[in-house]
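**Student:** Dumping the structure here so I can ask a few things about it.
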Amino acid sequence: MVLPIICCWVCFGVLSITNFSKFKGYQILLLFFGIVLIIIATLRPSDMPDWRNYYHFFNSTQPGRFEAGFLAIRNFVKSNTNNFLVLLFLMASLSISVKIWCISKMTPLIWLSMMVYISNIFVLHDMIQIRAAVASGMLLLAVFYKVRSQFIPFIVTTIIAFLFHYSAILILPIWFLSNTRRDYFYLWLIPIGYTCAMCDIYLTQLLTLLRLDFIENTLQMYGTLIDSEMNIFNIVQLLRCVLCFWFWYKINIISSRSEYAIILLKIYTIGIAAIPFFSNLPVAAFRISELYLVVEILLLPLLLYSVNPQKRIVGKFSILSLSSMFLFLNILYLNILK
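In terms of the numbering used here, the sequence shown opens at residue 299 and continues consecutively.
As structure tokens, this is what we get:
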């Protein structure tokens with residue numbers, strides 16, 4: 299399974315260097331790769347994480363503790379074909395098509411975004427966390443509507459995301475983020491989060507003061523899932539911190555080239571800061587962070603605009619290097635070496 303992923307990644311890299319998106323007909327090629335990714339996600343190996351859990355649930359007679367949207371698709375498939383692969387196909391079609399549509403509408407750097415997408419988010423979400431994959435795709439779509447100040451489509455998108463993963467409730471605060479004001483105080487969230495974590499002060503402690511049953515039950519549930527301590531200084535997290543600081547340093551230049559840059563960077567910063575702020579509950583920290591960090595698909599390619607126009611090729615190879623690192627780590631730590 300790793301070979302087709304690497305082949306797609308190489309194709310996206312070549313297409314990004316040749317600026318193929320400037321030529322007519324690139325939409326057809328994008329559609330083709332979308333179909334390829336859907337097939338890859340559908341036919342992923344059965345020994346990948348979560349595959350057997352979803353398979354056993356699909357064949358179970360129990361309703362399960364899943365969201366209504368996922369249950370509706372599962373029940374529809376069982377009543378019509380009773381084929382587990384059809385469930386995977388429908389989930390992949392929904393999550394992947396939404397992400398690719400957002401890429402085509404929200405950035406001119408289409409192939410760089412596709413390269414970043416397949417190296418990380420595609421593997422982690424669309425091939426493993428299939429419910430979160432739909433929610434993360436809807437988050438990108440919600441950002442699209444937010445920038446256009448279309449409240450009703452934003453709310454509808456959020457509701458759809460919530461029907462597939464309860465963590466999608468975190469999409470709602472995005473509506474209150476400004477996509478024009480730079481608000482550099484967001485940058486302080488990261489050092490404040492790390493300082494608090496090193497002092498054993500966590501945001502979960504403040505949330506318990508609200509005395510809300512829903513919050514207390516959720517935190518208690520996540521607390522039972524702790525199986526190891528969280529390393530908030532891992533290489534990927536620290537690299538993201540460095541990238542975040544660089545983006546804020548160059549935000550004036552980058553935002554002049556992309557109307558989405560400011561709000562994407564704010565979401566990215568919150569996603570990074572969630573790791574130290576919630577590090578006493580690793581599952582909650584990862585859920586929050588992974589949902590928000592889907593914006594990497596659109597944000598990381600904007601690194602290209604932060605360098606001198608005469609050195610754009612250097613920027614492209616920097617993005618290529620970052621995505622290759624993500625891909626290598628995912629191949630190394632996940633069971634896709636087939």
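Heads up, the beta-carbon is just placed ideally off N, CA and C, and yes, glycines get one too.
Please state the DSSP three-state secondary structure of Tyr500.
**Tutor:** coil
**Student:** Among the candidates Asn373, Ala433, Met346 and Asp345, whose CA atom is the shortest distance from the CA of Asn357?
**Tutor:** Asn373
**Student:** Closer than 8 Å by C-beta to Asp348: which residues in its own chain qualify, once you throw out the five before and the five after it? Chain order, please.
**Tutor:** Ile426, Gln427 and Ile428
**Student:** Which of the three DSSP states is assigned to Asp590 in this structure?
**Tutor:** Strictly speaking, residue 590 in this sequence is Tyr, with Asp absent from that position. Helix.
**Student:** Determine the closest residue to Ala390 out of Thr567, Leu422 and Thr493, with distance taken between C-alpha atoms.
**Tutor:** Comparing Cα-Cα distances from Ala390 to each of Thr567, Leu422 and Thr493, the minimum goes to Leu422.
**Student:** Find the nearest neighbour of Ile303 within the set Leu487, Ser417, Ala366 and Leu475, judged by alpha-carbon distance.
**Tutor:** Ser417
**Student:** Measure the alpha-carbon distance for Leu439 versus Tyr500 and round it to whole angstroms.
**Tutor:** 31 Å
**Student:** Use the C-beta contact count for Trp486: other C-beta atoms within 10 angstroms, 16 or more gives buried, fewer gives exposed.
**Tutor:** exposed
**Student:** Taking the alpha-carbon of Leu562 as reference, which of Pro599, Met528, Phe576 and Ala582 has the nearest alpha-carbon?
**Tutor:** Out of Pro599, Met528, Phe576 and Ala582, Pro599 has the C-alpha closest to the C-alpha of Leu562.
**Student:** Over what stretch of residues does the alpha helix (DSSP H) that includes Ile651 continue unbroken?
**Tutor:** No statement about residue 651 is possible, as the shown extent of the chain runs from 299 to 636 and does not include it.
**Student:** At what residues does the alpha helix (DSSP H) containing Trp544 begin and finish?
**Tutor:** Ile533 to Tyr547
**Student:** Can you tell me which of the three DSSP states Met299 falls into?
**Tutor:** coil
**Student:** Check whether the stretch 551-566 touches the stretch 593-612, counting contact only when three or more Cβ pairs, one atom from each stretch, lie closer than 8 Å.
**Tutor:** Because the criterion of three Cβ pairs below 8 Å is met, the stretch 551-566 and the stretch 593-612 touch.
**Student:** Below 8 Å, can you find three or more Cβ-Cβ pairs linking the stretch 373-383 to the stretch 587-595?
**Tutor:** no
**Student:** Excluding the 5 residues flanking Lys444 on each side, which residues of the same chain have their C-beta closer than 8 Å to its C-beta?
**Tutor:** Phe452, Ile472, Trp473, Leu475, Asn477 and Ile561
**Student:** If you check the beta carbons only, do Ile401 and Met412 fall under 8 Å apart?
**Tutor:** yes
**Student:** When you compare only the Cα positions, how much space is there between Gln608 and Gly323?
**Tutor:** 28 Å
**Student:** Classify Met496: buried if its beta carbon has 16 or more other beta carbons within 10 angstroms, exposed otherwise.
**Tutor:** exposed
**Student:** Check whether the stretch 577-584 and the stretch 613-625 are in contact - that is, three or more C-beta pairs closer than 8 Å.
**Tutor:** no
**Student:** Less than 8 Å between the CB atoms is what I'm expecting for Phe462 and Val432, so what's the real figure, rounded?
**Tutor:** 4 Å
**Student:** Consult DSSP for Gln608 and reduce its assignment to one of helix, strand or coil.
**Tutor:** helix
**Student:** Would you mind sorting Leu596 into buried or exposed? The rule is 16 or more other CB atoms within 10 Å of its CB.
**Tutor:** buried
**Student:** State the DSSP-derived secondary structure class of Arg446, mapped to helix, strand or coil.
**Tutor:** coil
**Student:** Starting from Leu563, trace the alpha helix (DSSP H) both ways and give me its first and last residue.
**Tutor:** Start and end: Ala559 to Phe575.
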